[in-house]
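K.L.:
To start, I am sharing the structure in question, which I have written as structure tokens.
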Amino acid sequence: MNSKLSLKQLEEKYTELTQKINQLENSDYQYRCLVDSTSDSLYLVDENCRYIFINSNHIKRLELSADQIIGRCYGEFHSEEQTSIFSERIKEVYLRNKSVFDEHYSPRDNGFFLRTFSPVRDSSNNKIAVAVVSKNITERKAIEEELRKSEEKYRLLIENSNEAVFIITNGKICFANIKTLQMLGYDKDELSSVSFINMVISEDRDMVLQRQESCLQQEDNASSVSYTFRVMDRKGTTRWVETNSVGINWDNQPALLNSMRDITGQKITEARLFQAQKMESIGTLAGGIAHDFNNLLMGIQGHTSLALLNLDLQDANYEHLKTIEALVMSGADLTKQLLGFARGGKFEVNNVDINSMIQKTSETIGRTKKEIQIHLNLQNNLWPVTADYGQIEQVLLNLYVNAWQAMP
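First residue of the sequence shown: 46, per my numbering; consecutive thereafter.
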């Protein structure tokens, strides 16, 4: 009876062991399926960098069978340089007792891989191996490189722009290119601490704030707003600027992207053009007046000449009429000046004998103002000058009149 019970117990033990073996095989199969289903390379190495376990993806990379790899060292399949780096990582895991990471280029695969080295412990918490997960990041690296190149292109474009490009968040400049710093006269640290609206001339601030608010309230943030105003740089110099602003999102905050150019020179040119147009209008008016005035002078000249024809040289009025005639000629010269002004400063320029002109003008004034005496002290052998005769004569007449009026 006891022998039958022993046999039954053996059968139960056998059944139990068989179930456990099946469970282990099942678990091993599931584990193998799990590690083989990943697209990453996964393998275990000991402290001497010998392969203990390797998944199917890494087998494909090495282009060998598992039996040809297990038990052999990492260095048998890789270059001396790669082996040295790998060995350092294994030592680091055993020394630091935690996971380490590295990124490396694999000539065999012609690609980049991100490797994670993690310690493996037994039931007594002793380190028995290092698990290595190697993820192919070649495509990600290519995308990162393209992104880096794209960012570099935009950076170069913005930094070398002839316009000031800057971003405003919460009223302050959080990003600015070199041209912005040059235009406003601040360095980066100073600029970030100054409210932009405080740089705007007080008379223009309300308008600038309204335009900026309009940009921020646009739902699509696609339309830019252009406006012109004045800013004061760090040295206190006022500049006219033209700015294009568009609302954007910057660091998860509403912001304004601005492109600003200095138009101070343009404003000065516009002011000069306006002044020139105004002077042209005045010149046209002066030309009309000069023609009318010249007609009056010609009438006076005609009547004076007729009176002189029938007048004896010893007549008391003869000198007065000759003076009137001379003054009419001076008036005619004045109309020439007005016409010259009307034509934009085009005068009749010739060689002028200053001594002769002074003598002639003195005689005219002397006949007109007999109560004054004129004493001449002229320089001998004075060179002639190139000038408009009428203008110089007018200057002399003005000096004579001013001197006469200043006399007691």
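Just so it is clear, CB atoms sit at the ideal spot from N, CA and C, and this is done for glycine as well. In this text the structure is predicted, and so the values were computed from the model without any measurement.
Just to confirm my understanding: we take SER48, look at its own chain, exclude 5 residues before and 5 after, and list those with CB closer than 6 Å. What are they?
P.N.:
With a pLDDT of 49 at SER48, under the threshold of 50, the modelled position of this residue cannot be trusted; read the value that follows with caution. Sequence-distant Cβ neighbours of SER48 in its own chain, meaning closer than 6 Å and more than five residues away, do not exist here.
K.L.:
Taking the C-alpha atoms as reference points, what is the distance between LEU192 and ASP251?
P.N.:
40 Å
K.L.:
Around the C-beta of ARG160, are 16 or more other C-beta atoms found within 10 angstroms, so that it is buried, or is it exposed?
P.N.:
For ARG160, the number of other beta carbons within 10 angstroms of its own is at least 16, and it is reported as buried.
K.L.:
Would you list, in sequence order, the uninterrupted beta strand (DSSP E) runs of no fewer than 3 residues that lie entirely inside the region 223-295?
P.N.:
270-277, 283-295
K.L.:
Tell me which same chain residues have a C-beta within less than 6 Å of the C-beta of ALA209, skipping the five on either side of it?
P.N.:
Counting only Cβ-Cβ distances below 6 Å, and skipping sequence neighbours, we find LYS224, THR225, MET228, MET305.
K.L.:
Between which two residues does the beta strand (DSSP E) containing ARG306 stretch?
P.N.:
298-307
K.L.:
Taking only three categories from DSSP, how would you classify SER48?
P.N.:
Note that SER48 scores 49 on pLDDT, short of 50, meaning its location in the model is unreliable; the coordinates nonetheless yield the value given after this. Note: SER48 maps to helix in three-state DSSP.
K.L.:
Run through the DSSP bridge pairs and tell me what LYS180 is partnered with.
P.N.:
LEU159
K.L.:
Starting from the C-beta of CYS260, find all residues in its chain whose C-beta is less than 7 Å away, skip the five residues before and the five after it, and write them out in chain order.
P.N.:
VAL270, SER290, VAL291, GLY292, LEU301
K.L.:
Suppose contacts are defined by Cβ-Cβ distances below 8 Å. Is GLY376 in contact with LEU342 by that definition?
P.N.:
Their beta carbons are under 8 Å apart, which means GLY376 touches LEU342 by this criterion.
K.L.:
Please work out which residues of its chain come closer than 6 Å, Cβ to Cβ, to ARG284, disregarding the five sequence neighbours upstream and downstream, and give them in chain order.
P.N.:
If you ignore the 5 residues before and after ARG284, its C-beta comes within less than 6 Å of the C-beta of VAL276, ASP307, THR309, all in its own chain and listed in chain order.
K.L.:
Using 8 Å as the cut-off, can you tell me whether the region 210-224 makes contact with the region 234-243, which would need three or more C-beta pairs spanning the two stretches below that distance?
P.N.:
yes
K.L.:
Residues in the same chain with beta-carbon distance under 7 Å from LEU444, minus the five sequence neighbours each way, listed in chain order, please.
P.N.:
Taking C-beta separations shorter than 7 Å and ignoring five residues to either side along the sequence, LEU444 has no partners in its chain.
K.L.:
What's the call for HIS348, buried or exposed, on a 16-neighbour Cβ count within 10 Å?
P.N.:
exposed
K.L.:
List the DSSP bridge partners of CYS118.
P.N.:
ARG95
K.L.:
Spell out a yes or no on whether the region 230-238 and the region 329-344 are touching, meaning 3 or more CB-CB pairs, one atom from each, closer than 8 Å.
P.N.:
no
K.L.:
With ALA468 as the anchor, note down where its beta strand (DSSP E) starts and where it stops.
P.N.:
Residue 468 is absent from the structure shown; the chain starts at 46 and stops at 453.
K.L.:
Do you know offhand how far THR314's Cα is from LEU254's?
P.N.:
28 Å
K.L.:
How close, in whole Å, do the beta carbons of VAL145 and LEU87 come, if the pair is a contact with beta carbons under 8 Å?
P.N.:
The Cβ separation is near 16 Å, so there is no contact.
K.L.:
When burial is assigned at 16 or more other CB atoms within 10 Å of the CB, is THR273 buried or exposed?
P.N.:
exposed
K.L.:
Taking its Cβ as the centre, do 16 or more other Cβ atoms sit within 10 Å of MET452, making it buried, or is it exposed?
P.N.:
exposed
K.L.:
Is the beta carbon of LEU427 less than 8 Å from the beta carbon of ASN396?
P.N.:
no
K.L.:
Tell me the residue span of the alpha helix (DSSP H) that contains GLU126.
P.N.:
125-141
K.L.:
Could you check whether PHE157 and LYS136 sit closer than 8 Å to each other, using their CB atoms as the reference points?
P.N.:
no
K.L.:
Identify whether ASP147 lies in helix, strand or coil by the three-state DSSP scheme.
P.N.:
strand
K.L.:
Is ARG166 helix, strand or coil by DSSP?
P.N.:
Three-state DSSP puts ARG166 in a strand.
K.L.:
Name the DSSP beta bridge partners of ASN214, please?
P.N.:
What sits at residue 214 in the sequence shown is Thr, not Asn. LYS217, per the DSSP bridge assignment.
K.L.:
Please work out which residues of its chain come closer than 7 Å, Cβ to Cβ, to PHE338, disregarding the five sequence neighbours upstream and downstream, and give them in chain order.
P.N.:
THR380
K.L.:
Contact defined as beta carbons within less than 8 Å: I believe ALA174 pairs with ASP112. What is the distance between those atoms, to the nearest angstrom?
P.N.:
With a contact defined as Cβ atoms closer than 8 Å, ALA174 and ASP112 miss out at about 19 Å.
K.L.:
Going straight from the alpha carbon of LEU109 to that of SER101, what length do you get?
P.N.:
10 Å
K.L.:
Write down the C-beta distance between ILE419 and SER407 rounded to the nearest angstrom, noting that I regard them as a contact closer than 8 Å.
P.N.:
5 Å
K.L.:
Taking SER86 as part of the beta strand (DSSP E), name the residues at either end of that continuous run.
P.N.:
86-90
K.L.:
Let me make sure I understand the geometry here. Which of GLN424, THR183, PHE162 has the alpha-carbon closest to that of ASN155?
P.N.:
Selection GLN424, THR183, PHE162 evaluated against ASN155 yields THR183 as nearest (Cα-Cα).
K.L.:
Under a three-way DSSP split, which group does THR431 fall into?
P.N.:
strand
K.L.:
Please state whether DSSP places ASN400 in a helix, a strand or coil.
P.N.:
helix
K.L.:
What number of angstroms, rounded off, separates the C-alpha of ASN142 from the C-alpha of TYR96?
P.N.:
Our two residues, ASN142 and TYR96, have alpha carbons roughly 20 Å apart in a direct line.
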